[in-house]
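S.K.:
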Amino acid sequence: MAEIQGHYEPAFEKLVDFFRDKFSKDEEVGAAININVNGKDVVDIWAGYTGEDKTTPWSSDTIVNVYSSTKTIAAIAVLLAQERGLLSVDDSVAKHWPEFAQNGKEKVLIRHVMSHNSGLSGWQDPITVEQVCDVPYSTAKLAEQAPWWEPGSGSGYHATTQGHLLGEIVKRASGIPMKQFIAEELSKPLKADFQIGAKEEDWPRIAPVIPPPPRTLDESQLDKNGIMFKSFFNPRTDANFSRMPAWRNADMSAVNGHATAKGLNRILRAVTLSGTSHDDTKLLSPKTVEEIFRIQSETTDHCIGIPVRFGIGFALGGGPSAQVFDYLPQEKMCFWTGWGGSFAICDLHRGVTFTYVMNKMGSGIIGNDRSIEYARMAWQILKQGEATELRECLTILAYPAG
């Protein structure tokens, strides 16, 4: 029986038991869940080990590469830059980065990049992972190329490129690199255990991801000139890339964030609780947070092939998203996930922030079976408790987990 560390509010005992069961069945190796309601942690648990050899226990300060859940923090960084008057999401990218205007991109807006609508979901020329990690080089290549579809007309998931693009925009607007901006303006003041890449001194704390099962996709059936293929197969993805020093040192705010579940949650609460008496971050005004909920597209995504409602920096509940993400609340909510399973959800209607991180990856690009079930169960419990003290979180009777 897996030993669960941390604490949780009694109402969530069913979720904790379900989490424990996943370890007993070897579906999890190491993982953590943090659920915050109105500024108080109602669930802060972790269990398992940092590696497949199961020798080093997962601890409260174990960090892991959360892949595309990183994008949620990059979005908050851009919104904070807007709050500070450094840019507007309605600015053209070229206003801050003139070289970007090449090949018909002069009208691409920052919000197009944030909503995967810029037409730059991948690299036109062949590129290696080492070159992708050489961020100045790979970012300059994006500035040179033409969009693959009309910017603003629909989404095509910018799996890796979004971080390069937003990183350059923030650097031009603020004068410092994105990873430094996030460290100094978000992680440090909030005491959040989150960083883009990972400082070498923190490498011993990293739980290396365990790659997902091999793809069952028949590549011969894919259009080699199609947007999906060009986006996901240049370069070919391999979870073991995240062990490379070049990966850990790079400033890639779409894919290489390293965090604890609690650290990720701490920053996301700047969105969830903005404008409420529970917001102790005081980073984003309600007006700025409302930018997230300006719908940019709700089409079938060119790259991931499913209908998604994208706001600015996050996917949104409702509309076509409800067809795919039916386990999530459909009121005022924004979210995104990471390759293999990590999850970040901001439910503004209930004041709930949910984060999940793990090392054993599932096969999905958007969450995994485990994260979906954890989220589904969490909101079942939350909805059942809306008429009780759970909604206001006035009293947290935290049980030690065990």
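Residue numbers are given in UniProt numbering: position 47 of the sequence shown equals residue 47, and the series is strictly consecutive.
By construction, the Cβ of each residue, glycine as well, lies at the ideal position given by its N, Cα and C atoms.
Among W149, A254 and L222, whose alpha-carbon lies nearest the alpha-carbon of S69?
M.R.: As a position in the sequence shown, residue 69 is number 69, starting the count at 1. Looking at the Cα atoms, A254 is the closest of the given residues.
S.K.: Would you decide whether E184 is buried or exposed? Buried here means 16 or more other CB atoms lie within 10 Å of its CB.
M.R.: Residue mapping note: residue 184 aligns to position 184 of the sequence shown, counting from 1. With fewer than 16 other Cβ atoms within 10 Å, it is exposed.
S.K.: Residues in the same chain with beta-carbon distance under 6 Å from E13, minus the five sequence neighbours each way, listed in chain order, please.
M.R.: Translated into the one-based positions of the sequence shown, residue 13 becomes position 13. Cβ within range, chain order: n/a, list empty.
S.K.: Do I182 and I196 have their CB atoms nearer than 7 Å?
M.R.: Here residue 182 is taken as the residue at index 182 of the sequence shown, counted from 1. Here residue 196 is taken as the residue at index 196 of the sequence shown, counted from 1. Yes, they are a contact pair.
S.K.: What does the alpha-carbon distance come out to for the pair S115 and S342?
M.R.: One-based indexing of the sequence shown puts residue 115 at position 115. One-based indexing of the sequence shown puts residue 342 at position 342. So the alpha carbons of these two residues sit roughly 19 Å apart.
S.K.: Does the beta-carbon of I295 have 16 or more other beta-carbons within 10 angstroms, so that it is buried, or is it exposed?
M.R.: Along the sequence shown, read from residue 1 onward, the residue named residue 295 stands at position 295. Under this definition I295 is an exposed residue.
S.K.: Below 8 Å on the Cβ atoms is my contact criterion, and I expect K360 with E28 to pass it. Report the Cβ-Cβ distance as a whole number of Å.
M.R.: Stepping through the sequence shown from its first residue, residue 360 is reached at position 360. Stepping through the sequence shown from its first residue, residue 28 is reached at position 28. Indeed they touch by this definition, with Cβ atoms about 6 Å apart.
S.K.: Is it buried or exposed for H258, if we count other Cβ within 10 angstroms and need 16 for buried?
M.R.: Reading the sequence shown from its first residue, position 258 is the one you call residue 258. Classification of H258: buried, given that the 10 Å Cβ count is 16 or more.
S.K.: Can you give me the C-alpha to C-alpha distance between S153 and S92, rounded to a whole angstrom?
M.R.: Indexing the sequence shown from 1 puts residue 153 at position 153. Indexing the sequence shown from 1 puts residue 92 at position 92. When rounded, the distance between both Cα atoms is 16 Å.
S.K.: By how many angstroms is the C-alpha of V352 removed from the C-alpha of C393?
M.R.: Taking the sequence shown and counting its residues from 1, one reaches residue 393 at position 393. Taking the sequence shown and counting its residues from 1, one reaches residue 352 at position 352. Because C393 sits at a pLDDT of 48, beneath the cut-off of 50, its placement in the model cannot be relied upon, and the following sentence gives the value as read from the coordinates. Roughly 10 Å separates the two Cα atoms.
S.K.: Residues in its own chain within less than 6 Å of G6 by CB, not counting five upstream and five downstream?
M.R.: Position 6 of the sequence shown holds residue 6. Excluding sequence neighbours, G6 sits near D44, I45, W46 and A401.
S.K.: Where does the unbroken beta strand (DSSP E) through D44 begin, and where does it stop?
M.R.: Here residue 44 refers to the residue found at position 44 of the sequence shown. From DSSP, the beta strand (DSSP E) with D44 extends over K40 to G48.
S.K.: To the nearest angstrom, how far is the alpha carbon of S363 from that of P213?
M.R.: By one-based count along the sequence shown, residue 363 stands at place 363. By one-based count along the sequence shown, residue 213 stands at place 213. Cα to Cα, the separation comes out at about 6 Å.
S.K.: Measure the alpha-carbon distance for C346 versus T337 and round it to whole angstroms.
M.R.: Within the sequence shown, the letter at position 346 stands for residue 346. Within the sequence shown, the letter at position 337 stands for residue 337. Rounded to whole angstroms, C346 to T337 spans 12 Å at the Cα level.
S.K.: Could you check if E200 is buried or exposed, using at least 16 other CB atoms within 10 Å of its CB as the buried criterion?
M.R.: The residue you call residue 200 lines up with position 200 of the sequence shown. With fewer than 16 other Cβ atoms within 10 Å, it is exposed.
S.K.: Under the rule that 16 or more other beta-carbon atoms within 10 Å means buried, what is P98, buried or exposed?
M.R.: Your numbering for residue 98 matches position 98 in the sequence shown. Result: exposed.
S.K.: Helix, strand or coil: which one does DSSP assign to H112?
M.R.: Walking along the sequence shown from the start, residue 112 turns up at place 112. H112 falls in the helix class under three-state DSSP.
S.K.: Can you tell me where the alpha helix (DSSP H) holding N265 begins and where it ends?
M.R.: For this step, residue 265 is matched to residue 265 along the sequence shown. That run of the alpha helix (DSSP H) goes A261 to T272.
S.K.: Which of the three DSSP states, helix, strand or coil, is assigned to D347?
M.R.: Within the sequence shown, the letter at position 347 stands for residue 347. DSSP places D347 in strand when its eight states are reduced to three.
S.K.: One question on the structure: do G156 and I227 come within less than 7 Å of each other, judged by their Cβ atoms?
M.R.: For the purposes of this step, residue 156 is taken as the residue at position 156 of the sequence shown. For the purposes of this step, residue 227 is taken as the residue at position 227 of the sequence shown. Going by C-beta atoms, G156 is nearer than 7 Å to I227.
S.K.: Under a three-way DSSP split, which group does P57 fall into?
M.R.: Mapped onto the sequence shown, residue 57 falls at position 57. Strand at P57.
S.K.: Looking at C-alpha atoms only, which residue of R236, I176, S231 and I33 is the closest neighbour of A378?
M.R.: Residue numbering aside, residue 378 sits at position 378 when the sequence shown is read from its first letter. Nearest of R236, I176, S231 and I33 to A378, Cα basis: I33.
S.K.: Comparing alpha-carbon positions, which option in G319, G313, F232 and I63 lies nearest H302?
M.R.: Translated into the one-based positions of the sequence shown, residue 302 becomes position 302. Residue F232 is the option with its Cα nearest to H302.
S.K.: Quick one, which of D280, T276 and S297 has its alpha-carbon nearest K287's?
M.R.: Sequence index remark: in the sequence shown, residue 287 carries index 287 (1-based). Closest option to K287, Cα to Cα, is T276.
S.K.: List in chain order: all unbroken beta strand (DSSP E) runs of 3+ residues lying wholly within the region 114-144.
M.R.: Listed in chain order, nothing qualifies, since the region 114-144 has no complete beta strand (DSSP E) run of 3 or more residues.
S.K.: Could you name the residues that DSSP lists as bridge partners for S92?
M.R.: Position 92 of the sequence shown, counted from the first residue, corresponds to residue 92. Answer is L109, bridged to S92.
S.K.: I'd like the span of the alpha helix (DSSP H) that includes N34, first residue to last.
M.R.: Taking the sequence shown and counting its residues from 1, the one referred to as residue 34 is at position 34. Segment G30 to V37 is the beta strand (DSSP E) holding N34; no alpha helix (DSSP H) there.
S.K.: Spatial neighbours of V108 within its chain, please: CB distance less than 6 Å, with the 5 preceding and 5 following residues excluded, ordered by chain position.
M.R.: Position 108 of the sequence shown holds residue 108. So the list reads V93, S118 and P151, once near-sequence residues are dropped.
S.K.: Can you pull the DSSP bridge partners for I196?
M.R.: For this step, residue 196 is matched to residue 196 along the sequence shown. For I196, which the question treats as bridged, DSSP gives the partners G257.
S.K.: Counting C-beta neighbours from all protein chains within 10 Å, is the total for R215 16 or more, i.e. buried, or is it exposed?
M.R.: Taking the sequence shown and counting its residues from 1, one reaches residue 215 at position 215. Per the 10 Å Cβ criterion, exposed.
S.K.: On the DSSP bridge list, what partners appear for S24?
M.R.: Taking the first residue of the sequence shown as 1, we reach residue 24 at position 24. DSSP lists no partner for S24.
S.K.: With a floor of 4 residues, list each alpha helix (DSSP H) that falls wholly inside the region 275-336, ordered by position along the chain.
M.R.: Here the runs fully enclosed are 286-290 and 321-324.
S.K.: Could you pull the start and end residues of the alpha helix (DSSP H) that M377 belongs to?
M.R.: On the sequence shown, position 377 is the one that residue 377 refers to. Run containing M377: D369 to Q384, per the alpha helix (DSSP H) assignment.
S.K.: Which first and last residues belong to the beta strand (DSSP E) in which V357 is found?
M.R.: The count along the sequence shown starts at 1 and reaches residue 357 at position 357. Run containing V357: V352 to M358, per the beta strand (DSSP E) assignment.
S.K.: Of all the options I292, A344, Q330 and W339, which has the alpha carbon lying nearest to the alpha carbon of Q380?
M.R.: Translated into the one-based positions of the sequence shown, residue 380 becomes position 380. Answer by Cα proximity: Q330.
S.K.: Sorted by chain position, which residues of the same chain lie with C-beta nearer than 7 Å to V289's C-beta, five sequence neighbours on each side aside?
M.R.: The residue labelled residue 289 in the question sits at position 289 within the sequence shown. Around V289: V271 and S274.
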